[in-house]
Amino acid sequence: MPRKIAHTTQATLNKQVQSSSVVRVGYTNNPARRASEYARSGITGTMYVAPTTNGRYAENRLLGNQFAQGGSHRNVQSRSNISNGANGYVYTIHK
Numbered sequence: 002m003p004r005k006i007a008h009t010t011q012a013t014l015n016k017q018v019q020s021s022s023v024v025r026v027g028y029t030n031n032p033a034r035r036a037s038e039y040a041r042s043g044i045t046g047t048m049y050v051a052p053t054t055n056g057r058y059a060e061n062r063l064l065g066n067q068f069a070q071g072g073s074h075r076n077v078q079s080r081s082n083i084s085n086g087a088n089g090y091v092y093t094i095h096k
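In my numbering, each residue carries its 1-based index in the sequence shown increased by 1.
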């Protein structure tokens, strides 16, 4: 599991995503469960999460910002595949 889950704002996430230390970005309904899934696959670090009422829009902003900066080798998709308007959390994981 990532060492820590920290709560922040979407504005902060959109600034952080441009850092080379970001290894993954995405959307989830359950940050603790998603962190555990990543840990099992070997992805560790600090997971920063921000609440959203429109997950697709928020995730697309993060992915767009990340790929504009060269992207991450661990993010396979460049667009969100969740339904419009989903409530939940967007996140970044820093190594």
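The beta-carbon is built from N, C-alpha and C at its ideal position, and this holds for glycine as well.
Residues bridged to residue i by DSSP?
i, result
"Pro-52", "Tyr-90"
If residue i and residue j are in contact, beta carbons under 8 angstroms, what's the gap, nearest whole angstrom?
i, j, result
"Arg-57", "Ser-84", "7 angstroms"
"Tyr-90", "Thr-29", "6 angstroms"
Answer with buried or exposed for residue i, where buried requires no fewer than 16 other C-beta atoms within 10 angstroms of its C-beta.
i, result
"Ser-81", "buried"
"Ala-36", "buried"
"Gln-78", "exposed"
"Gln-19", "exposed"
"Ala-33", "exposed"
"Glu-38", "exposed"
"Arg-25", "buried"
Apart from the five residues on each side of it in sequence, which residues of its chain come closer than 6 angstroms, Cβ to Cβ, to residue i?
i, result
"Phe-68", "Ser-79"
| At a cut of 8 angstroms, does the segment 12 to 29 reach the segment 46 to 55 through at least three beta carbon pairs? | Contact holds: three or more Cβ-Cβ distances are below 8 angstroms.
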